[in-house]
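Reviewing the structure listed below.
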Amino acid sequence: MIKIGILNVQGAVSEHYDITKTAVENMNIEAKVESVRYADEVAKCDGIIISGGESTVIGKIIQRRGIDTVIKENNIPVFGTCAGMVLLAKKTDFDQPLIGLMDIDVERNAFGRQKDSFESMLSFLDEDYLGVFIRAPAVKDYDKSKDNIQVLSELDGKVVAIKQDHNIAIAFHPELTDDTRIHEYFIQEILDCVV
Ligand code: GLN
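For the record, in the sequence shown the residue sitting at position 169 is 150 according to the working numbering, with numbers rising by one throughout.
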């Protein structure tokens, strides 16, 4: 049985917890979904979800608690949404602690102040999704020489979903919709890693 950890340090955690549980039910698999706060709890997980929130705050806590080290040492797949995308980046336009698992350069608040929040239909792996964007980041650049990086979705010429190996970063908030497909996609990624 796999264990999926929802990192519970700051931000929109409960929505991820609920939608991940629903995704597990829809997939009809044996999986435990747990809220995790400390490195030793994270180490026992097969996959970690990092929610939206304030990436500087979340990043500082992650670093202070050694959660980044445990994720890297155990090669745990990470799915980051919004602030979670920022934290997965190697580089951002701010000076902030990052986990840095993905060869992406992320711009915070990339869609400008005037539309701090908006919804837009977008195509993700050739299927239609409702993207909920809240002070959303976007991928400014990524290492195009790496063949393990795959762009999953773009909006207005900006990359808003991207995958590298078993890590997935998305700029929007699927946990604020009833659509479980992206969570299922990540859970499938975890299942592929544990076999
Ligand atoms: N702009 C925020 C940040 O970079 C992220 C916003 C969000 O997660 N909704 O930390």
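Note that beta-carbon positions come from the ideal geometry of N, C-alpha and C, so glycine has one too.
- Would the beta-carbon of residue 35 be found less than 7 Å away from any heavy atom of ligand 1? Yes; taking the cut-off as 7 Å, the Cβ of residue 35 has a heavy atom of ligand 1 nearer than that.
Is it true that the CB of residue 2 sits closer than 8 Å to the CB of residue 17? no
Beta-carbon contacts of residue 61 that lie in its chain and below 7 Å, excluding the five residues immediately before and after:
Around residue 61: 31, 68, 69, 150.
Assuming residue 17 is part of the beta strand (DSSP E), what are its boundary residues?
12 to 17
Requested in this report: Give the single residue among 118, 47, 165 whose Cα lies nearest to the Cα of residue 189.
Outcome: Outside the shown range of the chain (-18 to 176) lies residue 189, about which nothing can therefore be said.
What does the Cβ neighbour count give for residue 56, buried or exposed, with the cut at 16 atoms within 10 Å?
Exposed, because fewer than 16 other Cβ atoms sit within 10 Å of the Cβ of residue 56.
Self-check item: Sub-8 Å separation of residue 79 and residue 40 beta-carbons
Solution: yes
Considering just the uninterrupted stretch of the beta strand (DSSP E) at residue 108, what are its terminal residues? 108 to 115
- Message: Assuming residue 171 is part of the alpha helix (DSSP H), what are its boundary residues?
- Response: 162 to 175
*Do you know offhand how far residue 88's Cα is from residue 115's?*
Whole-angstrom Cα-Cα distance: 14 Å.
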